[in-house]
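Here is the structure we will look at, set down as structure tokens.
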DNA sequence: TCACAAAATGAAAATGATTATCATTTCCAA
DNA sequence: TTGGAAATGATAATCATTTTCATTTTGTGA
Ligand SMILES: [Zn+2]
Ligand SMILES: [Zn+2]
Ligand SMILES: [Zn+2]
Ligand SMILES: [Zn+2]
């Protein structure tokens, strides 16, 4: 099913589980703390390794906090963007139809090829 | 003229000058090396301080390399986005009319307030 | 010009995330 | 069962960035 269920090991699955439970974005350090708190003795190194492999397999999203720290989130397999609450971290996956068109148009206009893009919206959610 | 020409000191001006000369994005470490190579004995701490104040004053843009390292670029004072060449680093500032609208629409739809956004396009430029 | 406080500077140490090492343990197929 | 490959995690190493703090520069009023 998954892109590489073959290469998925116990740690990968643990990380997927904790990401499912927590929902939003979390850093490697935070995920490690959560697992530790729950009694899992997993090492920080392994957390980093698992996250890296999940990112490689496109099973989790990696983006950056404002201070540059990497944060991870389980994500669907279709291309999408995020609406993130700056206060509580709640995240909504949204479509970016307008963005896709914009990126393509701009790339063409300036003669760029092989283009990708990033687009995130952040603000304060209704609960906060 | 500028937002805070009053608070602009010698180091700020040096950094602006080197950013003008180099054109694209560069990290604090790179800018420091360039200045050193040119015979300027400026300290790394001062480079960081100057960049920080220039970012605060909206005189330079701060964004992140894929590995999270902060990179800086002199920029106009109007809100804009970037089209960056993954190969040579060349950057074009572009308007994001479509993005602005998209961000606003999505934020409203999900009840977010006080929203901002980021959007970058990256690819290979025509020269590369 | 002189004195002196505020601002600027930079060397060195501290911090904090991420990565590299490497010895040990767990898996698994032959 | 067994030998080697994969996985694990403690520890050390990296590396960008921030803090500290002592020194230097700058500006201003006497
Ligand atoms: Zn919220
Ligand atoms: Zn998109
Ligand atoms: Zn290029
Ligand atoms: Zn915009």
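Chains as they are written, first to last, in the working numbering: chain A, 2 to 129; chain B, 2 to 129.
Just so you know, even glycine gets a beta-carbon here, dropped at the ideal spot from N, CA and C.
Same chain, Cβ closer than 6 Å to residue i, five either side skipped, listed in chain order
{"i": "residue 122/B", "result": "84"}
{"i": "residue 76/A", "result": "62"}
{"i": "residue 127/A", "result": "none"}
{"i": "residue 69/A", "result": "none"}
{"i": "residue 118/B", "result": "104"}
{"i": "residue 200/B", "result": "Since the displayed chain B opens at 2 and closes at 129, residue 200/B lies outside it and no answer follows."}
{"i": "residue 108/A", "result": "116"}
Local Cβ density within 10 Å of residue i, reported as buried at 16 or more and exposed below that
{"i": "residue 95/A", "result": "buried"}
{"i": "residue 80/A", "result": "exposed"}
{"i": "residue 91/B", "result": "buried"}
{"i": "residue 120/B", "result": "buried"}
{"i": "residue 114/A", "result": "exposed"}
{"i": "residue 14/A", "result": "exposed"}
Where the beta strand (DSSP E) containing residue i begins and where it ends
{"i": "residue 95/A", "result": "92 to 95"}
{"i": "residue 98/A", "result": "Where residue 98/A is concerned, there is no enclosing beta strand (DSSP E), although the alpha helix (DSSP H) it sits in stretches over 98 to 110."}
{"i": "residue 65/A", "result": "61 to 65"}
{"i": "residue 129/B", "result": "Counting along the chain, residue 129/B falls outside any beta strand (DSSP E), and DSSP gives it neither H nor E."}
{"i": "residue 82/A", "result": "82 to 86"}
Enclosing alpha helix (DSSP H) for residue i [first to last residue]
{"i": "residue 119/B", "result": "Looking at the DSSP string, residue 119/B is not in any alpha helix (DSSP H); the run it does join, the beta strand (DSSP E), is 114 to 125."}
{"i": "residue 33/B", "result": "29 to 38"}
{"i": "residue 72/B", "result": "Counting along the chain, residue 72/B falls outside any alpha helix (DSSP H), though it belongs to the beta strand (DSSP E) covering 71 to 75."}
{"i": "residue 58/A", "result": "First-last for residue 58/A: undefined, no H or E at that position."}
{"i": "residue 13/A", "result": "11 to 23"}
Close beta carbons around residue i, own chain, < 8 Å, minus the five adjacent residues each side
{"i": "residue 125/B", "result": "86, 87 and 88"}
{"i": "residue 12/A", "result": "43, 47, 48, 50 and 51"}
{"i": "residue 97/B", "result": "80, 81, 82 and 120"}
{"i": "residue 45/B", "result": "29, 30 and 33"}
{"i": "residue 8/B", "result": "54 and 58"}
{"i": "residue 110/B", "result": "none"}
{"i": "residue 41/A", "result": "15"}
Option nearest residue i by Cα separation, candidates the options
{"i": "residue 24/B", "options": "45/B, 112/B and 93/B", "result": "93/B"}
{"i": "residue 38/B", "options": "73/B, 19/B, 54/B and 26/B", "result": "19/B"}
{"i": "residue 26/B", "options": "73/B, 56/B and 102/B", "result": "73/B"}
{"i": "residue 1/A", "options": "111/A, 16/A and 112/A", "result": "This structure gives no information on residue 1/A, because the portion of chain A shown stretches from 2 to 129."}
Chain-order list of residues whose beta-carbon lies under 7 Å from that of residue i (same chain, five-residue window excluded)
{"i": "residue 67/A", "result": "none"}
{"i": "residue 71/A", "result": "28, 29, 63 and 65"}
{"i": "residue 21/B", "result": "75"}
Check: residue i C-beta below 7 Å from any heavy atom of ligand 6
{"i": "residue 101/A", "result": "As far as ligands go, the structure on display features ligand 1, ligand 2, ligand 3 and ligand 4 and does not contain ligand 6."}
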